[in-house]
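A short write-up of the structure that comes next.
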Amino acid sequence: MVIGRNTARVISWLVSMAIAMGPMPLLRADSSPEPLELVPLLEEALKENLDLVSAKQEWEAARARIPKATGLPAPRIGVEWEEIPKGSLKLNEAMLMYQLVQSLPFPGKLSARRRVAVAEAQVAAARYKQAELEVLTQVKAAYFDLFLFDRQQALQREQATWLQQAVAVAQARYASGLGPQADALQAQGELLEASNDVRVLTDRRAAVAAHVNHLLNRTVDQPLGLPAAPKLEPLTVSAQELTLMAARWQPDWLLFQAAAERAGAAWRLEKRELLPDLETMFELRDPATGPIGPWDLTLAIVLPFWFWTKQRYGVKAALYDKRSAEAAFAAMRNDVTRRIHEHWHQAMASHRTAMLYRDGLIPLAEQATESALAAYRSGQGSFAELVMALRGWTERRRMYDEALVEFEQHVAMLEQASGVSLRRME
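This is how it looks when you write it as structure tokens:
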């Protein structure tokens, strides 16, 4: 179908109106956006994140239960009337005795219970640190996603600037009969596509911003400023060094280690439950009841007589729990090692890719775009060559930003996998 020059002018006018009236101008960023710094976000997340508040309270509760585990059973106080006259309830003629009964666990039981409680507190502490690292990693990843979307929006605006120049030249050449109509229509289509990409990126950025606000316990629609560009700094530690550090600092590692220790302590405690406890009873007589001494002392042993239906199965179940916790700890060590090596190599690959684009491919693509635009303006180049050069230049800058963000996100995952901070927070 043949499109006349009037139709082309209408299309050009519609493109201009779509850009001018759109919800986000293509060639103009938000006025004076507030900068968004990573360190204040991390500090706010540590204070305000509700998951961290919950995990910390669980840790405090586990710590508070340690003294409870070492306490003696509650004493029993009672009274006893002896030698009540037959066939009557004349308590005033009976011998009145006051009793105090105290159970004493077999030596070693209280210390075993304390070891179980301490191990449970260590598990809760490791869970808290695990939740802390998880939240910090999510905040860092979302922060770099915000940076990436802002950079991609800037690239689309710059690309639109080039395309507007190309549209003007194509329309002028077509109006003067020096160029085909297809060039003008293709340029306008490219410009519309760039405008739509900006709007899509705006929605995606808003989704990430809502996630950040959720992590910080804010309202999800609270606006966020422009993140600073991360510096392309190489990693200075090896995967082997990070693995050694993980054995000391990694929360998952410490969590499963504490769980294994807790299961071992619980198993030893269950074995001690087979041992008899001691029960003491102190009785004080009413001095007015007779010439017998004023007090008695009774010692008894509490035998686990039904051990074959109760304590024995407790030991058996605790042994299974112990073996399960030890196997889970071994699996966690392997998983931590895998995560460290996986993210370390991914980070190194992203770093090399970013270096290649920054120092080599982007400068070449920019020169090629400027050359293609100059050639097209002078009538010596085709519009297809200009579009190809422009897309290559934009794509290389986009790939650099993606490689930079992937590198920083893998570094954040390395910090979570090793439990060690790899970036100075200034």
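If you read the sequence shown in this note's numbering, its first letter stands for residue 8, the second for the next number, and so on. We put the beta carbon where it would ideally sit given N, CA and C, even for glycine. Model, not experiment: these values are computed from the prediction.
| Query | Result |
| --- | --- |
| Straight-line CA distance for Asp235 to Leu326? | Checking the sequence, you will find Ala at residue 235 rather than Asp. Straight-line Cα distance between these residues: approximately 54 Å. |
| If distances are taken between C-alpha atoms only, which option among Leu198, Phe156, Ala254, Pro241 comes closest to Asp210? | Phe156 |
| Once DSSP output is grouped into helix, strand and coil, what is the label at Thr446? | Because the chain in this structure spans residues 8 to 433, residue 446 falls outside the shown range and cannot be described. |
| With DSSP as the reference, please indicate the residues paired to Ile84 in a beta bridge. | Leu107 |
| Measuring CB to CB, does Ala419 end up less than 7 Å from Thr144? | yes |
| With three or more C-beta pairs closer than 8 Å as the rule, is the region 252 to 259 touching the region 273 to 282? | no |
| Taking DSSP as the reference, what is the three-state secondary structure of Arg225? | coil |
| I'd like to know whether the C-beta atoms of Gly426 and Gln257 end up nearer to each other than 7 Å. | yes |
| If you drop the 5 nearest sequence neighbours on each side, which residues of the same chain put their C-beta closer than 7 Å to that of Val125? | Ile73 |
| State the DSSP-derived secondary structure class of Thr287, mapped to helix, strand or coil. | strand |
| Rounded to whole angstroms, what is the Cα-Cα separation between Ala396 and Leu231? | 34 Å |
| By Cβ distance below 7 Å, which residues in the same chain neighbour Gln129 in space, the five residues on each side in sequence not counted? | Ala265 |
| Can you tell me whether Arg60 is buried or exposed, with buried defined as 16 or more other CB within 10 angstroms of its CB? | Looking at the sequence shown, residue 60 is not Arg but Val. Val60 is exposed by the Cβ-count criterion. |
| Please say whether Tyr150 and Ala62 have beta carbons closer to each other than 7 Å? | no |
| So Gly321 is in the alpha helix (DSSP H); what residue range does that whole segment cover? | 318 to 363 |
| Does DSSP classify Pro258 as helix, strand or coil? | helix |
| Arg431 by DSSP, collapsed to three states: which one? | coil |
| Does DSSP classify Leu233 as helix, strand or coil? | strand |
| Can you tell me whether DSSP reads Glu55 as helix, strand or coil? | helix |
| Which term fits Gly29, buried or exposed, when burial requires 16 or more other beta carbons within 10 angstroms of its beta carbon? | Bear in mind that the predicted position of Gly29 carries a pLDDT of just 39, short of 50, making it too unreliable to give a figure here. |
| Looking at the structure shown, is Pro47 part of a helix, part of a strand, or coil, going by DSSP? | helix |
| Kindly list the residues whose CB is nearer than 7 Å to the CB of Val142, restricted to its own chain and excluding five residues on each side of it in sequence; keep chain order. | Ala52, Asn56, Asp58, Leu59, Leu222 |
| Just how far apart, CA to CA, sit Ala307 and Phe263? | 41 Å |
| For Gln423, report the span of its alpha helix (DSSP H) as first-last. | 390 to 425 |
| Where do the N-terminal and C-terminal ends of the alpha helix (DSSP H) with Leu380 fall, by residue? | 369 to 384 |
| In whole angstroms, what is the alpha-carbon distance linking Phe414 and Ala148? | 11 Å |
| Buried or exposed: Leu34, going by 16 or more other Cβ atoms within 10 Å of its Cβ? | Model confidence at Leu34 stands at a pLDDT of 40, short of 50, so the residue's coordinates are unreliable and nothing is read from them. |
| Comparing C-alpha positions only, which one of Val174, Gln318, Ser378, Gly388 sits nearest to Trp400? | Ser378 |
| Is it right to say Glu422 is buried, meaning 16 or more other beta carbons lie within 10 angstroms of its own, or is it exposed? | buried |
| What does a CB cutoff of less than 7 Å around Gln171 pick up in its chain, not counting 5 residues either side in sequence? | Leu198 |
| Based on Cα-Cα distance, which residue from Pro114, Glu139, His348, Gly271 lies nearest to Pro283? | Pro114 |
| What's the call for Val174, buried or exposed, on a 16-neighbour Cβ count within 10 Å? | buried |
| May I ask you to report which of helix, strand or coil DSSP gives Glu90? | coil |
| Under 8 Å by Cβ, that's how I've got Ala270 and Lys323 pegged, so tell me the actual separation to the nearest angstrom. | No, Ala270 and Lys323 are not in contact; Cβ-Cβ is about 13 Å, not under 8 Å. |
| Could you tell me which of Glu280, Leu261, Thr287 sits nearest to Ala424, measuring between CA atoms? | Leu261 |
| Classify Pro42 as helix, strand or coil using the three-state DSSP reduction. | strand |
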